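Structure, as structure tokens:
Number of protein chains: 2
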Amino acid sequence: MKQPGGIRFGINFVPTVGPEERSAARYFDESLNLAARAEALGLGSARITEHYFYDYGGYCPDPVTFLSALAQRTTRMRLCTAGVTPAFSHPIRIASQLAMLDNLSHGRLDAGFARGFVPHEFDAFGVALEESRSRFEEGVSAITWLWTQPEATWRGRYHAFGPVRLLPLPYQQPHPPIWVVTTFSPELFEWSGRNGYHLMAVPYISTHENTANLVGIYRRAWEAAGHRRGAEQVQLSLHCYIAEDGATARREAKRYYEEYTTKLLQAVGAWSSRRVAAYAGYQNLGRAIEANAYEGVLRETKALIGSPREIVEQVAYLRGWYGDFEASLQFNFASVPDDAAHRSLELLGTAVLPALREQGLTTSLDGSAPPGPNRPRGC
Amino acid sequence: MKQPGGIRFGINFVPTVGPEERSAARYFDESLNLAARAEALGLGSARITEHYFYDYGGYCPDPVTFLSALAQRTTRMRLCTAGVTPAFSHPIRIASQLAMLDNLSHGRLDAGFARGFVPHEFDAFGVALEESRSRFEEGVSAITWLWTQPEATWRGRYHAFGPVRLLPLPYQQPHPPIWVVTTFSPELFEWSGRNGYHLMAVPYISTHENTANLVGIYRRAWEAAGHRRGAEQVQLSLHCYIAEDGATARREAKRYYEEYTTKLLQAVGAWSSRRVAAYAGYQNLGRAIEANAYEGVLRETKALIGSPREIVEQVAYLRGWYGDFEASLQFNFASVPDDAAHRSLELLGTAVLPALREQGLTTSLDGSAPPGPNRPRGC
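Respectively, the protein sequence lines represent chains A and B. The first sequence runs 1 to 379 under the working numbering. The second sequence runs 1001 to 1379 under the working numbering.
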């Protein structure tokens, strides 16, 4: 089932440094430069998370603010929120802010949404974790409604408003492509496919067998709902660390990967004492992350770490599991120094991508041809 | 009471076009270019409003998203939100988003807040107009608290959270200067001065006598609370339209000024049937705007419209009313064409500012030396 684009590539930011290691101003400067260079090397998208309070993601509580800056530094790459959490803001705020970015970037927004999974974030916003799924679904629906109705009226479980005329409307018509960030929940994979939304999956915490099964659920739901086969897009978030010599890459990346998982553990630590039906198995999340040792990640190719030649093999291997996908690569995760992140990126652009192209694994180096917005529900 | 900076200048955006007249993408492109040119010509700040739904302000529901883009196009000018409305978002969202902008711009944020005054906005967000003042005050206090406490806990009337560690913290320490947008309310002028906040006033709807009295209340409250005399800052929002020939400027600007007030009237039309104690006199706002005809605005110098030589005289006249202030100038209000806005700006930068400097009315052309953040309360 070869797709026109083959494997595509983007850059992915999950800020995992705190003020003790790197100032926020420096993190943003470095990340904007890195993303601008990624576009120049042919990567087709940039995405960044929304998180709070912890070194895990905390430097970016508002992905739109970062991507709006990036829109001025780039001209082609897609700008992906990964993802905005509807539970924490009013849908009018989210819909209108995203529409501003879509206009500021001349239609380069990929609107990614997330249910959220960090208990302390929900506590701080005074939102029950039990409601995260229903708030997420209502939020995405209300935002789409605001984007597409000339006079939008909404009467939901959590929000009621209207009629209002949203301003500005999105640049992309009928609305920007919608993406969903999801990791474990089969229901959410199914729901995303059924609704014609694109998928942002995170394979490194689970096994490829599990994640590929979930992606399969997503793709079957997409087709079953009548969406055009092959038009669905799947992004996989992957840590990436490349050096001329593969052993060097593996040796150097170890501490950063482990720092990253340590910081993720801090953010999800509260799950060890929480039981929420909607988050089945999350009480074991900490143990799962701890058990997911660096050596296993290397062995099972749950990150792209190695020499350029090895990365080519790893991409081909992942394609065996997932079919065509977009590799959304974290280069400056945790305390990876700026020069090391740039080295990985340069080797990707100058050695890995040309080799993949030669093998026919990626037909479009820049991957930047924007997909059409997903069709309205039920098509 | 001459201040070091004399009269300073900035650029001011209140988008007052709708999709029928100019696309949002084009409005943003033009405005970013205009602001970047303003910096090059020596203007020290850019500010933009937060509004929804109406041609009056509706293109910018999120000032931070616009200013984050502008931060990448400029290196010196202050970036002012004018103002963020705390009633419509959670304080954690506002505090952390503003802190991102402060870091992205390396400390150029002027954090302006507004109570809000458009009934339909409050209706849409499900917030009672009666609560606007208390929500505003609690919001500003909670945001400041989040910016300055390593572990912030808040138990207020509308919000309760914490302890949380805000990330990122602002670039400016202890926090960005706080500004308050206010027009009519003596209580709010007094409150702003007492708390050591800077002032964004809007003289054109009222008389200079009224507005100067209110600014006097503000300055006296500032001094009475022990804040350093002369450290307070007062920004006046003014429409600006300049041509080599003054009569041409006055003739051309008329239709844009009238379009602007028509659109403002649409946004505040609901006041004709509302009575809210906290908005004394707002039921007459529509009539006041209608009565404020263009000819009167010219006669009373409630906008800067004319030839460069006339603008110099107008600035000197306003200084008589207000002492030193920052003129925050709307060049592309309503449907003013892009080339006309640029003409006004160029004439300001190349003819008006040099003349003012010669007269000693502005000692700093760029006005960009950032003021220190306002001191903590009670100093």
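C-beta atoms are modelled at their ideal positions from N, C-alpha and C, and glycine is treated no differently. Source: prediction; values computed, not measured.
Item to check | Residues that A:Thr81 bridges to, as DSSP identifies them | outcome: A:Ile48
Item to check | From B:Gly1306, B:Pro1163, B:Gln1330, B:Asp1110, residue whose alpha carbon lies closest to that of B:Ala1243 | outcome: B:Gly1306
Next on the checklist: Could you compute how far the alpha carbon of B:Ala1024 sits from the alpha carbon of B:His1208?
Outcome noted: 34 Å
Next on the checklist: I want to see whether chain B comes within less than 9 Å of A:Ile92, judged by CB atoms only; does it?
Outcome noted: yes
Item to check | Continuous alpha helix (DSSP H) stretch holding A:His120: start and end | outcome: 119-125
Checklist entry - Taking the continuous alpha helix (DSSP H) assigned at A:Ile289, which residues delimit it? => result 285-291
Next on the checklist: Relative to the C-alpha of A:Ala278, which candidate in A:Leu264, A:Glu313, A:Trp222, A:Pro186 has its C-alpha closest?
Outcome noted: A:Pro186
Checklist entry - Mind pulling the chain B residues with CB within less than 9 Å of A:Thr74? => result Scanning chain B for C-beta atoms nearer than 9 Å to the C-beta of A:Thr74 yields nothing, as the closest lies near 10 Å away.
Checklist entry - What's the gap between the Cα of B:Asn1284 and the Cα of B:Leu1318? => result 26 Å
Checklist entry - So, does the CB of B:Gly1162 fall closer than 9 Å to a CB anywhere in chain A? => result So yes, B:Gly1162 belongs to the interface.
Next on the checklist: Can you check whether the C-beta of B:Phe1395 is within less than 9 Å of a C-beta belonging to chain A?
Outcome noted: Within the shown structure, residues of chain B are numbered from 1001 to 1379, placing residue 1395 of chain B beyond reach of any answer.
Checklist entry - With DSSP run on the structure shown, which of helix, strand or coil describes A:Gln330? => result strand
Checklist entry - Using the rule of at least 16 other Cβ atoms within 10 Å of the residue's Cβ for burial, across every protein chain shown, is A:Thr144 buried or exposed? => result buried
Next on the checklist: Contact criterion: CB-CB distance below 9 Å. Does B:Ala1155 meet it with respect to chain A?
Outcome noted: Strictly speaking, residue 1155 of chain B in this sequence is Arg, with Ala absent from that position. Chain A, which has no Cβ nearer than 9 Å to the Cβ of B:Arg1155, makes this no.
Checklist entry - For the region 1034-1068 of chain B, which residues have a CB atom closer than 9 Å to at least one CB atom of chain A, in sequence order? => result Cβ contacts with chain A: His1051, Tyr1052, Phe1053, Tyr1054, Asp1055, Gly1057, Gly1058, Tyr1059, Cys1060, Pro1061, Asp1062, Val1064, Thr1065, Phe1066, Leu1067, Ser1068.
Checklist entry - beta strand (DSSP E) containing A:Ser237: first to last residue? => result 234-242
Checklist entry - Does DSSP put B:Thr1262 in a helix, a strand or coil? => result helix
Checklist entry - What is the C-beta distance between B:Leu1167 and A:Gly58, in whole angstroms, given that I count them as a contact (C-beta under 8 Å)? => result 3 Å
Checklist entry - Are A:Glu50 and A:Thr75 closer than 9 Å when you measure CB to CB? => result no
Item to check | Any chain B beta carbon closer than 9 Å to A:Gln97 | outcome: Taking a beta-carbon distance threshold of 9 Å, A:Gln97 counts as an interface residue toward chain B.
Next on the checklist: For a contact defined as C-beta to C-beta under 7 Å, what are the partners of B:Phe1088 on chain A?
Outcome noted: What B:Phe1088 touches in chain A: His90, Arg93.
Item to check | Segments of 3+ residues assigned as beta strand (DSSP E) that fall wholly inside the region 1137-1163 of chain B | outcome: Counting only runs of 3 or more, we get 1152-1155.
Item to check | Residue range of the beta strand (DSSP E) that includes A:Arg8 | outcome: 8-13
Item to check | Of the residues B:Tyr1171, B:Ala1152, B:Gly1156, the one placed nearest B:Gly1162, counting alpha carbons only | outcome: B:Ala1152
Checklist entry - Which partner residues of A:Phe113 appear in the DSSP bridge assignment? => result A:Val84, A:Val180
Next on the checklist: Looking at chain A, is there any beta carbon in it that lies within less than 9 Å of the beta carbon of B:Gly1230?
Outcome noted: no
Checklist entry - Taking the alpha carbon of A:Leu329 as the point to measure from, which residue in A:Glu358, A:Arg47, A:Leu41, A:Arg299 has its own alpha carbon closest? => result A:Arg47
Item to check | Range of the contiguous beta strand (DSSP E) that encloses A:Gly306 | outcome: 304-306
Checklist entry - Do we get a CB-CB distance below 9 Å when we pair B:Pro1373 with the residues of chain A? => result For B:Pro1373, the predicted model reports a pLDDT of 38, less than 50, meaning its position is unreliable; a value from the coordinates is still stated below. Judged by the 9 Å Cβ criterion, B:Pro1373 is not in contact with chain A.
Checklist entry - Where do the ends of the beta strand (DSSP E) carrying B:Leu1199 lie? => result 1198-1201
Checklist entry - By a C-beta neighbour count over all protein chains shown, 10 Å radius and 16 as the cutoff for buried, is A:Leu359 buried or exposed? => result Just to set this straight, residue 359 of chain A is Gln in the shown sequence, not Leu. Result: exposed.
Checklist entry - When you check each C-beta in the region 1176-1187 of chain B against every C-beta of chain A, which residues fall closer than 8 Å? => result none
Item to check | Where B:Thr1207 falls: helix, strand or coil (DSSP) | outcome: If DSSP states are grouped into helix, strand and coil, B:Thr1207 belongs with coil.
Next on the checklist: Using a Cβ-Cβ distance cut-off of 9 Å, determine whether A:Arg78 contacts chain B.
Outcome noted: Interface criterion not met: the Cβ of A:Arg78 is under 9 Å from no Cβ in chain B.
Checklist entry - Is A:His120 close to chain B, meaning its C-beta is less than 9 Å from at least one C-beta of that chain? => result yes
Item to check | Minimum Cβ-Cβ distance from A:Pro203 to chain B less than 9 Å | outcome: no
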